[in-house]
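**Student:** Here the sequence shown stands for residues 6 to 214, numbered as in our numbering. Got a structure for you, questions after.
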Amino acid sequence: MALVLLGPPGSGKGTQAAKLAKELKLIHISTGDMLREAIRQGTPIGLKAKNYVDRGELVPDELVTELIREKLSSMNGVLLFDGYPRNLVQARMLDEIVIVKAAINLDVDENKILERLTKRRTCKRCGAVYNLETNPPAIPGKCDKCGGELYQRSDDTESVVRQRLSIYKEATLPLIEYYRNKGVLIEINGDGTIDEVFERIREELKDVI
6 MALVLLGPPG
16 SGKGTQAAKL
26 AKELKLIHIS
36 TGDMLREAIR
46 QGTPIGLKAK
56 NYVDRGELVP
66 DELVTELIRE
76 KLSSMNGVLL
86 FDGYPRNLVQ
96 ARMLDEIVIV
106 KAAINLDVDE
116 NKILERLTKR
126 RTCKRCGAVY
136 NLETNPPAIP
146 GKCDKCGGEL
156 YQRSDDTESV
166 VRQRLSIYKE
176 ATLPLIEYYR
186 NKGVLIEING
196 DGTIDEVFER
206 IREELKDVI
């Protein structure tokens, strides 16, 4: 059995996935992490994937699905997919491997996403993430953890964020409809604190897992 977590960039999807996995004892599946591990280990799938990664190309859906199928054969429990599937092809392939009981869509106002991401700052040294409004550093421009310099990632500027949101919507809106038509879509208001959003998700999942 599997759950799918959907949400645009800046929706807090990664944070919620980690919290859900910990609190509800779910197996958190990140296809990006799985691919990197397969490449690092030099597995047959990893070697195939490396050819695409080295050329700066997207790893084909079929290869990602093959990797998931291989990994899932050794896993027992409720799976939580974070950021996958990204399109209808991947969704249909996933349906061939596992039963998706719920697709959770984090709905966040676009202006709030712009505000979140354009105010995000990252430490150059340790990678810690801050928000100038909701989670500012104690000393402006300096990391609380290591004292490193904070900077704005190139993909956190307003023009790039708008482009990322546009690409996301184009790929994901059909996916949302796909899960709605299957009767497994759960719409969650993604505005609020991490704990508030988490409790909304937990409440909706009571009858699912």
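Backbone N, C-alpha and C fix where the C-beta goes; we use that ideal spot for every residue, glycine too.
1. Mind checking residue 63: buried by the 16 CB within 10 Å criterion, or exposed?
2. Rounded to whole angstroms, what's the CA-CA distance from residue 36 to residue 87? Just pull it up for me.
3. Please list, in chain order, all residues of the same chain as residue 76 whose beta carbon is under 7 Å from its beta carbon, the five residues on each side excluded.
4. Give every residue of the same chain whose Cβ lies closer than 7 Å to the Cβ of residue 105, excluding the five residues on either side of it in the sequence, and list them in chain order.
5. For residue 15, which of 122, 201, 59 has the nearest alpha-carbon?
6. Does the distance from the C-beta atom of residue 44 to that of residue 72 stay below 8 Å?
7. Can you grab the Cα-Cα spacing for the pair residue 186 / residue 108, in whole Å?
8. Could you pull the start and end residues of the beta strand (DSSP E) that residue 23 belongs to?
9. Quick check on DSSP: helix, strand or coil for residue 222?
10. Go to residue 196, then tell me how far its beta strand (DSSP E) extends in each direction, as first and last residue.
11. Quick check on residue 148: buried or exposed, where buried means 16 or more other Cβ atoms within 10 Å of its Cβ?
12. Going by the CB atoms, is the gap between residue 111 and residue 4 shorter than 8 Å?
13. Just to confirm, is the Cβ distance from residue 165 to residue 119 under 8 Å?
**Tutor:** Here's the rundown:
1. By the Cβ neighbour-count rule, residue 63 is exposed, with fewer than 16 other Cβ atoms within 10 Å of its own.
2. 8 Å
3. 39
4. Once the five neighbours on either side are set aside, the close Cβ partners of residue 105 are 7, 9, 99, 189.
5. 122
6. no
7. 11 Å
8. Careful: residue 23 lies outside any beta strand (DSSP E), inside the alpha helix (DSSP H) at 18-29.
9. The chain is shown from 6 up to 214; residue 222 falls before or after that span and cannot be answered.
10. Run containing residue 196: none; DSSP gives neither H nor E here.
11. buried
12. Here the chain covers residues 6 to 214 and nothing more, so residue 4 does not appear.
13. no
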